[in-house]
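Here the structure comes first, spelled out in structure tokens, and everything after it is commentary.
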Amino acid sequence: MKKIIGSIGLGNIGEPMAINLIQSGYSVIGFDVIEKPEFVSAGGLQVKTVEEICKQTDLIVQSLPNVQALETTVDALIEFGHSGQIIIELSSYPLKNKKLQASRLAEHGITMLDCEISGLPFMVEDRSATIFQSGDQATIESIQVVFEAMTNKRVNLGEFGAATKMKLLANMMVAIHNSVAGEVLNLAQKADIDLDEAIKALSKSAAGSVTFSNKAPIMITREFESGAGPFRHMFNYLHRVSELAKDVGASTPLLDTIHQYYEKAEAEGRADQDIAAIIEILEEESSVKKNK
């Protein structure tokens with residue numbers, strides 16, 4: 039029988055990840071402040087407190103919404119956890135916060151791994167999302183079978199913090215690719231090119247990308263309110279990757295340029311819209327230029 043795994047945070051990433059573990063034969067005990075009937079229907083056991091998870095498992099997967107939730111959860115892990123426990127931390131926070139909480143846990147013999155997910159919720163569900171791994175190498179190797187149960191794609195990046203940095207780089211590329219997709223489709227439309235045909239042709243060409251394949255169709259349907267990648271998440275990532283570039287002295291002309299358009303999206307109150315809505319901002323700018 040496979041071991042019991044704890045799952046703290048059953049949101050857009052945590053829940054499908056927990057269900058993947060269940061489908062791979064693990065017993066999963068989950069905690070979230072909101073009831074999760076889909077998790078329970080899949081075979082998971084939802085409990086009322088982090089304490090209940092700490093007492094029943096040596097391995098916990100965390101996917102939390104913010105730094106405050108991380109601090110509160112670590113407080114509970116220190117109070118109710120035990121030496122030898124392993125925490126797979128999948129959430130995205132500034133690295134300094136992850137390092138601080140990992141250090142607190144280490145004082146009690148609990149090992150936190152810095153891991154990040156590159157992929158949208160539906161990609162986690164179909165196991166096509168990538169897990170970036172970093173931290174104690176012996177610990178990572180000891181639980182590779184669990185990572186394999188979570189997703190089909192994994193990359194071990196080395197020392198603690200590397201996964202957080204790689205996530206920023208990945209989202210920088212997503213933001214740029216998304217902007218390019220909007221710019222290209224806006225141009226295609228004005229050049230009287232059928233947009234459906236443009237997507238088919240470009241997706242199969244050397245210019246294609248996962249981001250283009252995911253976002254271009256949304257740019258055509260304009261179903262921005264139901265998209266899986268809202269601007270509110272990207273705002274934070276772009277700010278953090280800009281700070282990283284500044285700290286290390288890296289030139290980022292493309293990032294600096296597209297960042298202006300995401301800032302405009304924020305100013306226009308588009309936080310809950312999918313980032314594919316960047317095409318409307320580019321269209322607005324095109325109209326202004328045409329009228330000059």
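Residue numbers for the sequence shown, in my numbering: 39 to 330.
Think of the CB as a built atom: it goes at the ideal place given N, C-alpha and C, for glycine as much as any other residue.
Note that this is a predicted model, so its numbers are computed, not measured.
Endpoints, beta strand (DSSP E) assigned at Phe69: In the sequence shown, counting from the first residue as 1, residue 69 sits at position 31. Its beta strand (DSSP E) spans residues 65-69.
According to the neighbour-count rule (16 or more other Cβ atoms, all chains shown, within 10 Å of its Cβ), is Glu76 buried or exposed? Locating residue 76 in the sequence shown gives position 38, where the first residue counts as 1. Result: exposed.
Say whether the stretch 181-192 touches the stretch 268-279, bearing in mind that this needs 3 or more beta-carbon pairs closer than 8 angstroms, one atom from each stretch. no
Given Phe273, which residues of its chain have a CB within under 6 angstroms of its CB, disregarding the five upstream and five downstream residues? Within the sequence shown, residue 273 is the residue found at index 235, counting from 1. Correct list, in chain order: Glu304.
For the ligand COA, is there a heavy atom less than 7 angstroms away from the beta-carbon of Glu281? The ligand COA is not part of the structure shown, which contains no ligands of any sort.
Reference Val112; option with closest CA among Ala140, Glu90, Tyr131, Leu128: Position 74 of the sequence shown, counted from the start, is the residue given in the question as residue 112. Of Ala140, Glu90, Tyr131, Leu128, the residue nearest in Cα terms is Ala140.
With a cut-off of 8 angstroms, do at least 3 Cβ pairs link the stretch 120-127 to the stretch 160-168? no
Close beta carbons around Ala200, own chain, < 6 angstroms, minus the five adjacent residues each side: Reading the sequence shown from its first residue, position 162 is the one you call residue 200. Same-chain partners within the cutoff: Ser172.
Leaving out five residues before and five after Phe118 in sequence, what residues of the same chain have Cβ atoms less than 6 angstroms from its Cβ? Numbered from 1 along the sequence shown, position 80 holds the residue referred to as residue 118. Here the set comprises Glu89, Cys92.
Keeping to the same chain, check which residues put their C-beta closer than 6 angstroms to that of Asp310; ignore five residues upstream and five downstream. If you number the sequence shown from 1, residue 310 lands on position 272. If we look at Asp310 and ignore the five residues flanking it on each side, its Cβ neighbours are Pro268.
Coil, strand or helix - Arg260 by DSSP: Along the sequence shown, read from residue 1 onward, the residue named residue 260 stands at position 222. If DSSP states are grouped into helix, strand and coil, Arg260 belongs with coil.
Measuring CA to CA, which of Ser217, Ser241, Lys205 is closest to Asp294? Against the sequence shown, residue 294 aligns to sequence position 256. The shortest C-alpha separation from Asp294 is found at Ser217.
Who are the Cβ neighbours of Ala254 in its own chain at under 7 angstroms, not counting the five residues just before and after it? As a working note, residue 254 is residue 216 in the sequence shown. Excluding residues within five positions, the ones whose Cβ falls inside 7 angstroms are Ala219, Leu223, Ile237.
Which complete beta strand (DSSP E) runs does the stretch 45-93 hold, if anything under 3 residues is left out? 65-69, 83-85
For Lys74, I'd like the list of residues in its chain whose CB is within less than 8 angstroms of its CB, leaving aside the five on either flank, ordered along the chain. The sequence position of residue 74 within the sequence shown is 36, counting from 1. Within the same chain, Lys74 has close Cβ partners Leu48, Glu53, Gly68, Gly82, Gln84.
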